[in-house]
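Peer 1: Residue numbers (this note's numbering), protein chains in the order written: chain A, 1 to 259; chain B, 260 to 833; chain C, 834 to 1120. Yeah, the Cβ is synthetic: ideal placement off N, Cα and C, and Gly gets one too. Please read all numbers here as calculations on a predicted model, not as lab measurements. Just dropping this structure here.
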Amino acid sequence: MRRPRAVTLPTPHPRRALAVGSVLALAAGPVALAPAPTPTPTASTPAADQGTQLYLEQCASCHGPQGQGSQRGPSLIGVGPASVDFQLSTGRMPLSEEVPQATRRAPVFSADDISALVGHVSSLGGGGPQIPRVAPGDMVSGRALFAANCAPCHGAGGSGAVLTNGWIAPPLYESTATQVAEAVRVGPGLMPAFPSQVLTDRQVNDLTSYVQRLRSERLDRGGNPIGRLGPLAEGLVGWVVVLALLVGAVRWLGRRAGE
Amino acid sequence: MIMGPLARALDDRLRLSPITRRALAKIFPDHWSFMLGEIALYSFIALILTGVYLTFFFDASSADRVYQGSYAPLDGATTSAAYASTVRLSWDVRAGLLIRQTHHWAALAFVAAIVLHLSRIFFTGAFRKPRELNWLIGVTMLALALANGFTGYSMPDDLLSGLGLRIITSVVESIPLVGTWLAALALGGEFPSDEMIPRMFITHVLLVPAILVALVSLHLGILVRQKHSQFPGPGRTEHNVVGSRFWPGYTLRTLALFAWVLAVLFALGGLVQINPVWLYGPFAPAESSSPAQPDWYVAWGDGALRLFPPWEFRIGGYLVPAPFFPGVVLGGLSFVALYLWPFVERWCTRDRHPHQLLDRPRNHPVRLGIGVGALTFYVVLVVAAGDDILARLLRVPVYDLLALFRVLVLVLPIVTGVLAFLIARALRRGEAVSLGELTRADLRRATRPAPRRPAGEDEPEVPVRHRPGERIEMWPQGELWRWRYRNEARQLALTNNRAVTSEQEAVETARLAYPGVDRVVVPGPPPPPARALRVALRRWGRATAAGSLLVAALLGRRRERRRRRDGDDEPPPA
Amino acid sequence: MSRRTPSKSERAASRRIAAAFLVSAAGAVGFAVTYGLNGGTQWEGVCLAVAFAGLAVGLAVWSRRLVPVGGYVEEHEGFVPPPAEQAMTAAVFRAPESPTRRWGLLAALGFALTALGVAALFPLRSLLPWDRQRPTRSLKDTPWGPGVRLVDDQGRPLRPDDVPADTMVAVFPEGRIDVGDAPAFAVRLNPERFIRHPAGGHLGGLVVWSLLCTHAGCPVRLYLKGAGRVLCPCHQSSFDLLAGARPIAGPAARPLPGLPIEVGPDGFLRATGDFTAPPGAGFWSRP
Chain A
1 MRRPRAVTLP TPHPRRALAV GSVLALAAGP VALAPAPTPT PTASTPAADQ GTQLYLEQCA
61 SCHGPQGQGS QRGPSLIGVG PASVDFQLST GRMPLSEEVP QATRRAPVFS ADDISALVGH
121 VSSLGGGGPQ IPRVAPGDMV SGRALFAANC APCHGAGGSG AVLTNGWIAP PLYESTATQV
181 AEAVRVGPGL MPAFPSQVLT DRQVNDLTSY VQRLRSERLD RGGNPIGRLG PLAEGLVGWV
241 VVLALLVGAV RWLGRRAGE
Chain B
260 MIMGPLARAL DDRLRLSPIT RRALAKIFPD HWSFMLGEIA LYSFIALILT GVYLTFFFDA
320 SSADRVYQGS YAPLDGATTS AAYASTVRLS WDVRAGLLIR QTHHWAALAF VAAIVLHLSR
380 IFFTGAFRKP RELNWLIGVT MLALALANGF TGYSMPDDLL SGLGLRIITS VVESIPLVGT
440 WLAALALGGE FPSDEMIPRM FITHVLLVPA ILVALVSLHL GILVRQKHSQ FPGPGRTEHN
500 VVGSRFWPGY TLRTLALFAW VLAVLFALGG LVQINPVWLY GPFAPAESSS PAQPDWYVAW
560 GDGALRLFPP WEFRIGGYLV PAPFFPGVVL GGLSFVALYL WPFVERWCTR DRHPHQLLDR
620 PRNHPVRLGI GVGALTFYVV LVVAAGDDIL ARLLRVPVYD LLALFRVLVL VLPIVTGVLA
680 FLIARALRRG EAVSLGELTR ADLRRATRPA PRRPAGEDEP EVPVRHRPGE RIEMWPQGEL
740 WRWRYRNEAR QLALTNNRAV TSEQEAVETA RLAYPGVDRV VVPGPPPPPA RALRVALRRW
800 GRATAAGSLL VAALLGRRRE RRRRRDGDDE PPPA
Chain C
834 MSRRTPSKSE RAASRRIAAA FLVSAAGAVG FAVTYGLNGG TQWEGVCLAV AFAGLAVGLA
894 VWSRRLVPVG GYVEEHEGFV PPPAEQAMTA AVFRAPESPT RRWGLLAALG FALTALGVAA
954 LFPLRSLLPW DRQRPTRSLK DTPWGPGVRL VDDQGRPLRP DDVPADTMVA VFPEGRIDVG
1014 DAPAFAVRLN PERFIRHPAG GHLGGLVVWS LLCTHAGCPV RLYLKGAGRV LCPCHQSSFD
1074 LLAGARPIAG PAARPLPGLP IEVGPDGFLR ATGDFTAPPG AGFWSRP
């Protein structure tokens, strides 16, 4: 279990980076998910310098200057570019305060900074899953894969659900296709990982297509989805409406005691 | 008018006029709480209307079917026919989703209204003699409503309802000795069986609704035969009913409620999504979804399953699994308690008199306390069924919430029950008219033992004291006779609900309604209702009719224009 | 009771009622048009709601403004019948030729009807077809058995390598994917971390357990990777896989049954027997 233990870092000025995923997907190079780890060599020096500097400023205090980990943070050797990109592009890292589970925020680093950091962490060695390159896939297969593998925790509607110890499986509505694919491959936190023996690249594409579709409001054909929380939320709405509108009408139509 | 001759023809053959006259004159009390049951009735009618429409499109079969339609993530997927037809109904049948959602909302409202109605009956003591029979019928209808809600929820064969069905199967299987047999007989084998959807369908659309319709008729028939109960008040006795006549006042009012119930249900059905089965996906034995809850009216059972500790034991080596207690025992006890309550209360209070006047809830602190405590218990269970959702929204570990609910479910009912008991006693003993006027001193006084009798004992029936100033006035009206009750002190005048044929009958009915009140014959009736009002009504009635005709004509012409090519449209009314 | 002359307020009420009915008609027209144009669930619902709300408002104002509310009384005769009346009715039943006097025949009739009633229960047994297994046996038996290969949800047989660490793979008996009590899951754990040995044994850390919660039978598919726990979405029972899949929280009382496995000569995983206990929710049975 990778339990990020955080210290109060001086939070850098949040630079909001948009469209992180797609840029990174192009920058990440071919998807290689061979079981044998192959360290990615870092080529360009300016980016590498930038990555090293950012790493030492923002990450090393917990993960160690060589990524070997410390009491405050796990080792980064062998986590792979996908994991680094996922944690940074979803704003989960760097942590600003100690929390049981890092949650999604606006990313702290720009897309360039993230790719530089990804490069630096990869240069620490250890291999690990590469950033997947996603392409549009088949929705029908994606739905079936989602139901079998994702819905148990994230909910059939993708609204997220609770796990034990205050952990939650987060909602999927803000995730980009690349982030979904990264999470599938990496398995951040308590989430199981789905390497290529379990889900092929094509299946991951199908899955991400369906998750993107799940985000669209057009699926809520029936009206307000009440957070896609299911029957109890519906029951609550039902009771409020029955009490407010039906019982209210009845009180208006009839008389009250003592009238 | 065509109505006149038709009515006369019917009356000539069936002699309906005396029955109709009495039926139209039936008195309905004006207190709002008497209409809660009507919300349930009209929700039920909405259920039947929308449900019949749904049967035209729903295919109750677990045979494989390829869904082809506009919902892309399932287009071309092979699922059960039940699931495929439900998705088709929701995505490809025009107005299908509206009707399906309205049906589901109506089911939620139906049970909610039943619970409200039952609470009103309970807290006002309306179940006492002579109305125990209607209480039993009502409780049976509640049980049937729950059963039908559950089968309806399970029929689409989606993942979420499949989980629910699996749980209920497990609960049935937990019954010692017969459980496995009951479950296997109901499902035609082991879960999930091919027979279960057709069986649930026929139960849902024929068996239970037929019984419900019969029971609703019986419920209403007994209600008409026994006449309404009423709250105590000026001019109201154990021997009469005061209120509005069925025709015209109450007819308009109840039709307004009917229309309003439909309006609210259709608004919900159109605007708030319910049970999006296309998101849940078809049932598969190895799949699950989270959060998983049933509809609210069975959620108390689900909450009990969550809260009950992992206690199992063996009898002679045979396992009695944990769901037996929260599932079977709790559910069984709940309904047994409901069924037996009128008899238990009669046994405790030794009150064998018939009651037409209702209690104010405060007059029975023990009953109020027990009722409030029981309601709290079930509310806590329903909330506990959502502990995972709450844990997520509040960011609290779910097992902390579970522990909290395990305490709350035992403590909170006692707290609220005692509180309700004390407040009722304080209200009864003090001068406070309503909750807002209650002072701390009143509450303190309530904690002390009752000065006269132990609290909760039945108060002796308060007989209506006939003050001077009360009298019955009778007058002839053509061939017929009418009377009215006057109470000058309270400026109250209550006319009898129908004309009677003789002075003798007028005397008898008046004596029945107001025993011991003096009767006088007065020369003439009070001034008749204004004629101009009727004229105005008729005028507006005509205007409305003309308006709707105009609208219909416009609509017809528009349709005709659109479908002129087909030529199958009827010409608009001239 | 109100006896009012037509007043200005009544005329105003009449106008409002008529207006409400016109709104209702407009709603109905709107619904028809929306339906015709395939305007979608929301507009259809709103139009129908407006149509019925117009009716409701019109009728309600009518009933409150143009018709007197209350002011009537009906006598209530009560339900304690005079003794003479009861005696008369009872006498009808006790007339000399009344069947109720022939006790012997009545007893025989009652016996016949009881027999008929009991006999009518027999066909209910057909609800469970006779050619099917008896319930308890069928709950105990699953399609697993010696030599049954493990396949994934696509029906592909699995090799040990197909179950990497940190993931959960749902496995099924080959050819019987849809059977309700058969689903199982395979995980690869570190055998050194086992607090208790898995009931079905393991193959180098590869363990297979029944997927069905022992509380109420929901699939425990929430796998908390690092914690080595699975969680049931229905009632939040959690099971510690490192401790033999024992329940550690929630309402479940029994551990998940394990499935003994081996690698067959073809290199694929196969079961060497049935689950170590009946899978899913408990029922009236001996261990």
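With respect to the alpha helix (DSSP H) encompassing B:Ile307, which residues constitute its N-terminal and C-terminal limits?
Peer 2: Per DSSP, B:Ile307 belongs to the alpha helix (DSSP H) from Leu295 to Thr314.
Peer 1: Does chain A have any CB closer than 9 angstroms to the CB of B:Gly364?
Peer 2: Inspection of the sequence shows that residue 364 of chain B is occupied by Trp rather than by Gly. Chain A, which has a Cβ nearer than 9 angstroms to the Cβ of B:Trp364, makes this yes.
Peer 1: I'd like to check one pair, B:Gly632 with B:Ala581: are the Cβ atoms closer than 9 angstroms?
Peer 2: No.
Peer 1: Look at A:Asp206 and A:Leu145 and say whether their C-beta atoms are less than 9 angstroms apart.
Peer 2: For A:Asp206 and A:Leu145, yes; Cβs fall inside 9 angstroms.
Peer 1: Provide the residue(s) that pair with B:Ala736 in DSSP beta bridges, ordered along the chain.
Peer 2: The identity of residue 736 of chain B in the sequence shown is Gln, whereas the question assumes Ala. Looking at the DSSP assignment, B:Gln736 forms a beta bridge with B:Leu739.
Peer 1: Would you grab the beta carbon distance between B:Leu564 and C:Ala1049 for me? Rounded to a whole angstrom, and I think it's under 8 angstroms.
Peer 2: So it is a contact: roughly 6 angstroms between Cβ atoms.
Peer 1: Using a Cβ-Cβ cut-off of less than 8 angstroms, give me the residues of the segment 1036-1065 of chain C that come near chain A, in sequence order.
Peer 2: Answer set for the segment 1036-1065 of chain C: Pro1052, Arg1054, Leu1055, Tyr1056, Leu1057, Lys1058, Gly1059, Ala1060, Arg1062 and Leu1064.
Peer 1: Got a sec: is the Cβ-Cβ distance from A:Arg104 to anything in chain B below 9 angstroms?
Peer 2: So, not an interface residue.
Peer 1: Counting along the chain, where does the beta strand (DSSP E) carrying C:Glu908 start and finish?
Peer 2: Element bounds for C:Glu908: Tyr905 to Glu908.
Peer 1: When you compare the segment 361-381 of chain B with the segment 301-318 of chain B, are there three or more beta-carbon pairs, one atom per stretch, that lie closer than 8 angstroms?
Peer 2: Yes, since at least three Cβ pairs between the segment 361-381 of chain B and the segment 301-318 of chain B fall closer than 8 angstroms, the two stretches touch.
Peer 1: Within the same chain, show all residues whose beta-carbon is closer than 6 angstroms to that of B:Asp351, passing over the 5 residues directly before and after it, in chain order.
Peer 2: Hits under 6 angstroms: Gly328 and Ser329.
Peer 1: Strictly by DSSP, which residues pair up with A:Asn205?
Peer 2: A:Asn205 is not bridged to any residue.
Peer 1: According to DSSP, simplified to helix, strand and coil, what is B:Trp600?
Peer 2: Reduced to three states, the DSSP call for B:Trp600 is helix.
Peer 1: I need the DSSP call for B:Tyr342, collapsed to helix, strand or coil.
Peer 2: Helix at B:Tyr342.
Peer 1: On the three-state DSSP scale, how would you describe B:Asp618?
Peer 2: B:Asp618: coil per DSSP, three-state reduction.
Peer 1: From A:Tyr210 to A:Gly142, what distance separates their C-alpha atoms?
Peer 2: Each residue's alpha carbon lies about 5 angstroms from the other.
Peer 1: Measure from the alpha carbon of C:Gly860 to the alpha carbon of each residue in C:Leu957, C:Ala882 and C:Gly873, then state which is nearest.
Peer 2: Checked all of C:Leu957, C:Ala882 and C:Gly873; the closest Cα to C:Gly860 is C:Ala882.
Peer 1: Kindly indicate which three-state DSSP category A:Thr11 falls into: helix, strand or coil?
Peer 2: Model confidence at A:Thr11 stands at a pLDDT of 34, short of 50, so the residue's coordinates are unreliable; what they give is reported in the following sentence. Residue state, collapsed to three classes: coil.
Peer 1: Would you call the segment 926-944 of chain C and the segment 414-430 of chain B touching, i.e. three or more CB-CB distances under 8 angstroms?
Peer 2: With the cut-off at 8 angstroms, the segment 926-944 of chain C and the segment 414-430 of chain B do not touch.
Peer 1: Name, going along the chain, the residues of the segment 202-217 of chain A whose beta-carbon falls closer than 7 angstroms to a beta-carbon of chain B.
Peer 2: From the segment 202-217 of chain A, only Tyr210 and Arg213 have a Cβ closer than 7 angstroms to chain B.
Peer 1: DSSP state of B:His290, grouped into three classes?
Peer 2: Three-state DSSP puts B:His290 in a strand.
Peer 1: List, from N- to C-terminal side, the alpha helix (DSSP H) runs of 4 residues or more that fit wholly inside the segment 669-712 of chain B.
Peer 2: Correct list: 699-706.
Peer 1: Let me confirm a value: B:Trp519 is counted as buried when at least 16 other C-beta atoms fall within 10 Å, else exposed. Which label applies?
Peer 2: So B:Trp519 ends up on the buried side.
Peer 1: So which of A:His154, A:Arg221, A:Asp112 and A:Val134 has the shortest CA-CA distance to B:Leu357?
Peer 2: Checked all of A:His154, A:Arg221, A:Asp112 and A:Val134; the closest Cα to B:Leu357 is A:Arg221.
Peer 1: Classify A:Val31 as helix, strand or coil using the three-state DSSP reduction.
Peer 2: At A:Val31, the pLDDT of 34 sits below 50, so the modelled position is not reliable and the matter cannot be decided from this model.
Peer 1: If the cut is a Cβ gap below 8 angstroms, which residues of chain B does A:Ile112 touch?
Peer 2: A small correction: the amino acid at residue 112 of chain A is Asp; Ile does not occupy that position in the sequence shown. Result: empty, since nearest Cβ-Cβ is about 34 angstroms, beyond 8 angstroms.
Peer 1: Could you pull out every residue in the same chain whose Cβ sits closer than 6 angstroms to the Cβ of C:Gly1091, ignoring the five residues on either side in sequence?
Peer 2: Contacts found: Pro1031, Ala1032, Gly1033, Trp1042 and Thr1109.
Peer 1: Let's test the definition: count the other Cβ atoms within 10 Å of the Cβ of C:His909 and tell me whether it reaches 16, buried, or not, exposed.
Peer 2: By the 10 Å Cβ count, C:His909 comes out buried.
Peer 1: Touching or not, the segment 377-384 of chain B and the segment 552-569 of chain B, by the rule of three or more beta carbon pairs under 8 angstroms?
Peer 2: The segment 377-384 of chain B is not in contact with the segment 552-569 of chain B.
Peer 1: Checking the sheet assignment: what are the DSSP bridge partners for A:Glu97?
Peer 2: A:Glu97 is not bridged to any residue.
Peer 1: Just to confirm, is the Cβ distance from B:Ala322 to B:Val483 under 9 angstroms?
Peer 2: For B:Ala322 and B:Val483, no; Cβs fall outside 9 angstroms.
Peer 1: Helix, strand or coil: how does DSSP classify A:Thr52 here?
Peer 2: Of the three classes helix, strand and coil, the one that applies to A:Thr52 here is helix, per DSSP.
Peer 1: What does B:Leu269 reach in chain C if we use C-beta pairs closer than 8 angstroms?
Peer 2: Within 8 angstroms Cβ-Cβ: nothing; B:Leu269 doesn't reach chain C, min ~25 angstroms.
Peer 1: Using the Cα positions of A:Val240 and A:Ala233, report the straight-line distance between them to the nearest angstrom.
Peer 2: Whole-angstrom Cα-Cα distance: 11 angstroms.
Peer 1: A:Ala151 versus chain B: which residues are under 8 angstroms apart at the beta carbon?
Peer 2: Result: Leu418, Gly540, Glu546, Ser547, Ser548 and Ser549.
Peer 1: Within this structure, are the beta carbons of C:Tyr905 and B:Thr754 separated by less than 9 angstroms?
Peer 2: Yes; because the gap between Cβ atoms is below 9 angstroms, this pair is in contact.
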